[in-house]
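> The sequence shown runs 746 to 880 under the numbering used here.
The C-beta atom is built at its ideal place from N, Cα and C for all residues, glycine as well.
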Amino acid sequence: MFDNTQKNNVASDDPPEVLWDVLQQLNYSTGEVGTELADFLGKEVKIPGFIVPLEDFASEVSEFLLVPYVGACVHTPPPPPNQLVFVEMEGAEQVTAGTWEPIWVHGTLVLEETTNMYGSVGFKVAGMEIEPYVW
Numbered sequence: 746m747f748d749n750t751q752k753n754n755v756a757s758d759d760p761p762e763v764l765w766d767v768l769q770q771l772n773y774s775t776g777e778v779g780t781e782l783a784d785f786l787g788k789e790v791k792i793p794g795f796i797v798p799l800e801d802f803a804s805e806v807s808e809f810l811l812v813p814y815v816g817a818c819v820h821t822p823p824p825p826p827n828q829l830v831f832v833e834m835e836g837a838e839q840v841t842a843g844t845w846e847p848i849w850v851h852g853t854l855v856l857e858e859t860t861n862m863y864g865s866v867g868f869k870v871a872g873m874e875i876e877p878y879v880w
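1. Taking the Cβ atom as the reference point for each residue, do residue 838 and residue 804 lie within a distance shorter than 9 Å?
2. Return the CA-CA distance between residue 882 and residue 844, expressed in angstroms with no decimal places.
3. So, at 6 Å on beta carbons, what are the nonlocal neighbours of residue 768 in its own chain, with the 5 sequence-adjacent residues on each side left out?
4. Below 7 Å CB to CB, which residues in the same chain sit around residue 846 once its five sequence neighbours on both sides are set aside?
5. Within 10 angstroms of the Cβ of residue 880, are there 16 or more other Cβ atoms? Answer buried if so, exposed if not.
6. Output the distance between the C-alpha atoms of residue 753 and residue 799, rounded to the nearest integer angstrom.
7. How big is the Cα-Cα spacing for residue 758 and residue 849?
8. From residue 860 to residue 762, what does the alpha carbon distance come to, in whole angstroms?
9. DSSP puts residue 834 in a beta bridge; with which residues?
10. From the DSSP output, in three-state form, read off residue 782 for me.
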């Protein structure tokens, strides 16, 4: 859905975009990380995707999964850990849990393996801001 050929009007003060093919550089079997992905770890970035709320029927959430396409976690098997990002908004800020509209998440990207009802997750972002993804 999102690829490196897509370039949105990125303001000079925006953090760098990290797209899903870069996140795939995490080998979740060995823990090895590709060089391009390694450059973004521990830094503020922006990642496009769709929200999967971790609470059923919640209209606003402060924690959610970011996935590369709509419905990524409603099928079996779930996406691999390098295609799931756990987002925890700073200060428990609540964001609208719209699952059908793409967004950008701004925040600090780290490797952190967690497991939830949707599967194993390879990344965590300390979310600072979300904004609509404009095609």
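In short, the structure shows the following:
1. Numbered from 1 along the sequence shown, position 93 holds the residue referred to as residue 838. Numbered from 1 along the sequence shown, position 59 holds the residue referred to as residue 804. In this structure, residue 804 does not lie closer than 9 Å to residue 838 by Cβ.
2. Nothing can be reported for residue 882, as the shown portion of the chain is limited to 746 through 880.
3. Counting from one through the sequence shown, the residue named residue 768 turns up at place 23. Taken in chain order, the residues that qualify are 827.
4. Along the sequence shown, read from residue 1 onward, the residue named residue 846 stands at position 101. Cβ neighbours of residue 846 beyond the five flanking positions: 877.
5. As a working note, residue 880 is residue 135 in the sequence shown. That one is exposed.
6. The residue labelled residue 753 in the question sits at position 8 within the sequence shown. The residue labelled residue 799 in the question sits at position 54 within the sequence shown. Model confidence at residue 753 stands at a pLDDT of 47, short of 50, so the residue's coordinates are unreliable; what they give is reported in the following sentence. Between the C-alpha atoms of residue 753 and residue 799 there is a straight-line separation of about 29 Å.
7. What you label residue 758 is simply residue 13 of the sequence shown in a count that begins at 1. What you label residue 849 is simply residue 104 of the sequence shown in a count that begins at 1. The alpha-carbon atoms of residue 758 and residue 849 are separated by roughly 15 Å.
8. Locating residue 860 in the sequence shown gives position 115, counting from the first residue. Locating residue 762 in the sequence shown gives position 17, counting from the first residue. When rounded, the distance between both Cα atoms is 25 Å.
9. The residue given as residue 834 occupies position 89 in the sequence shown. In DSSP, residue 834 forms a bridge with 872.
10. In the sequence shown, the residue the question calls residue 782 occupies position 37. Here residue 782 sits in helix by DSSP.
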